[in-house]
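The structure under discussion appears below in the form of structure tokens.
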Amino acid sequence: MDDPRPHIVIDARSMFTSTGRYTRTLIEHLALLDTDHRYTIVLPHDRFDEWEPANPRFEKVATDTPYFSWREQTVFARELRALRPDLVHFAMPQQPLILGVRRVTTFLDMTLLKVRNRKKHWAVSAVKRLIGAAAFVITAHRSRVNVVISAHGGRDLVAFTRTRPDSLYVTYPAADPIPDAATAIDTPFSRFVLYVGRQEPYKNLARLVDAVADLRETTGRDLGLVVAGKIDDDGARLIDGLGDRERAAVYFAGFVSDGQLRWLYEEAAVYAFPSFFEGFGLPGLEAMRHGCPVVSSDATCLPEVYGDAALYFDPSEVSSLTSALARVVTDAALADEMRERGRRRAEMYSWRFMALRTLDAYRDALTR
2 MDDPRPHIVI DARSMFTSTG RYTRTLIEHL ALLDTDHRYT IVLPHDRFDE WEPANPRFEK
62 VATDTPYFSW REQTVFAREL RALRPDLVHF AMPQQPLILG VRRVTTFLDM TLLKVRNRKK
122 HWAVSAVKRL IGAAAFVITA HRSRVNVVIS AHGGRDLVAF TRTRPDSLYV TYPAADPIPD
182 AATAIDTPFS RFVLYVGRQE PYKNLARLVD AVADLRETTG RDLGLVVAGK IDDDGARLID
242 GLGDRERAAV YFAGFVSDGQ LRWLYEEAAV YAFPSFFEGF GLPGLEAMRH GCPVVSSDAT
302 CLPEVYGDAA LYFDPSEVSS LTSALARVVT DAALADEMRE RGRRRAEMYS WRFMALRTLD
362 AYRDALTR
């Protein structure tokens, strides 16, 4: 006998990418919480065996359709329709524009539209952004519900696409404690400012290096900046352009294990988030979860996410960043207060609540 429960398909091709934690964790919590629907999870064929459903109401299927391809608009659309879903949740805005099925779309951020891909010729990047912009508008209007991960992101989406504000559901992610035991790494500094993540120009890492180099002039040379994360092309260009003063102020740790990342969060004097724009800012919340004080750019969603648990600075001004860092590293009482505020702030966010809120979005979309 056919299962009468509504059938939801989740496009989880992003599960094994840099944004995959959102997709994977959402599915894991839906499996624990939802008994009203049945699910089919669409995975990339080359990673198909790396995830298994933990619930008999969940099935998985494979696709070899990549993002940003003609197959996405043709073959993938047919594959999805063949599953006979009542609703499709796209975890990314890249999707078939013509589908004929109710859809929910998650917009994690607007980076694709704001940042030029420096790996491609400027003209190719510009054309891609134009196509992406048109696709964002069409997708937002064709989705019964649009899911965002911050209220600021929702306002951005409405302003850009002119979609209905009542189509938005804000589902904040969360930062779980890293379960791996802390594993020390060697750094050239006895005290350090920490940054975790990629090194694209909009991440504003160059100004952070300058700020720490300035700070060392007053606090001593035992303080430096540790950058954790795989060194990408932008990071390599940044390193090549450093002068002797700046080079002495920063240590690029490269890729670190979860245990090493936990150690860095727990041992850092302060975590710095200098980005010009973000969709959520999860690394800063992870730092708070592990008791690390956070200084943050006052741009986009970051004040919304971190609240009164961070000190804020103008990301365009090195002096503003230097001043915020100095306040934390020279005032032990302030640092302790920020650690406590940060822990409380991080505990406000819950993956379970994120999944429940997403379920509300599904129910709404199924009745629109």
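Sequential numbering from 2 applies to the sequence shown in my numbering. Glycine included, C-beta positions come from ideal geometry on N, C-alpha and C.
With contacts defined by Cβ atoms closer than 9 angstroms, Phe-190 and Asp-223 form a contacting pair.
Note on Thr-359: 16 or more other CB atoms within 10 angstroms of its CB, so buried under the neighbour-count rule.
Closest in C-alpha terms to Leu-226, from the list Arg-238, Val-213, Thr-41, comes Val-213. Annotation: the continuous beta strand (DSSP E) that includes Leu-195 extends over 192-197. In the structure shown, the three-state DSSP call for Val-148 is strand.
Collapsing the DSSP output to three states places Asp-12 in a strand.
Lys-231 counts as exposed, since fewer than 16 other C-beta atoms from the protein chains shown sit within 10 angstroms of its C-beta. Counted as a single uninterrupted DSSP element, the beta strand (DSSP E) harbouring Val-43 occupies residues 39-45. Taking 9 angstroms as the cut-off, the beta carbon of Ile-11 is found no closer than this to the beta carbon of Thr-36.
In the structure shown, the three-state DSSP call for Gly-236 is helix.
Separation of the CB atoms of Tyr-272 and Val-228 is rounded to 12 angstroms, and the pair is thereby denied contact status at 8 angstroms. Collapsing the DSSP output to three states places Ser-321 in a helix.
In the three-state scheme derived from DSSP, where H, G and I count as helix and E and B as strand, Ser-168 is classed as helix. Our two residues, Glu-51 and Tyr-68, have alpha carbons roughly 19 angstroms apart in a direct line.
The closest CA to that of Phe-17, considering only His-46, Val-257, His-30, Leu-31, is found on His-46.
Shown here, Tyr-272 sits in a strand according to DSSP, grouped into three states. In this structure Leu-88 is in contact with Ala-366, their Cβ atoms being roughly 6 angstroms apart against a cut-off of 8 angstroms.
By the Cβ criterion, the segment 102-114 is in contact with the segment 137-156, since at least three pairs of Cβ atoms, one from each stretch, lie closer than 8 angstroms.
For the segment 43-84, the continuous alpha helix (DSSP H) assignments of 4+ residues that do not extend past its boundaries occur at 71-74, 76-83, in sequence order. Counting only runs of 4+ residues, the alpha helix (DSSP H) found wholly inside the segment 200-229 occupies 206-220, in chain order. Burial state of His-142 is exposed, judged by a 10 Å Cβ sphere holding fewer than 16 other Cβ atoms.
For Tyr-313, the beta-bridge partners assigned by DSSP are Ser-297. Put simply, the backbone Cα of Ala-300 is about 43 angstroms away from that of Ala-83. Residue state for Arg-344 is assigned as helix, using DSSP reduced to three classes. Per DSSP, Tyr-173 is not a residue of any beta strand (DSSP E), being assigned neither H nor E. Taking the C-beta atoms as reference points, Tyr-363 is found nearer than 9 angstroms to Ile-9. Gly-260 carries a helical assignment under DSSP once its states are collapsed to helix, strand and coil. Ala-250 carries a coil assignment under DSSP once its states are collapsed to helix, strand and coil.
Beta-carbon to beta-carbon, Gly-292 and Ala-182 are separated by about 16 angstroms, too far to satisfy the 8 angstroms threshold. According to the DSSP secondary-structure assignment, His-90 is paired through a beta bridge with Ile-11, Val-105. No residue range can be given for Gly-280, since it is assigned to no alpha helix (DSSP H) and is classified by DSSP as neither H nor E. In this structure, Arg-25 sits away from Arg-39, with a CB-CB distance that is not shorter than 9 angstroms.
Ile-28: member of the alpha helix (DSSP H) spanning 21-34, first to last residue. Under the three-pair Cβ rule at 8 angstroms, the segment 296-311 counts as touching the segment 153-169. Rounded to the nearest whole angstrom, the CA to CA distance from Ile-179 to Leu-206 is 25 angstroms.
Gly-154 has no beta-bridge partner at all, per DSSP.
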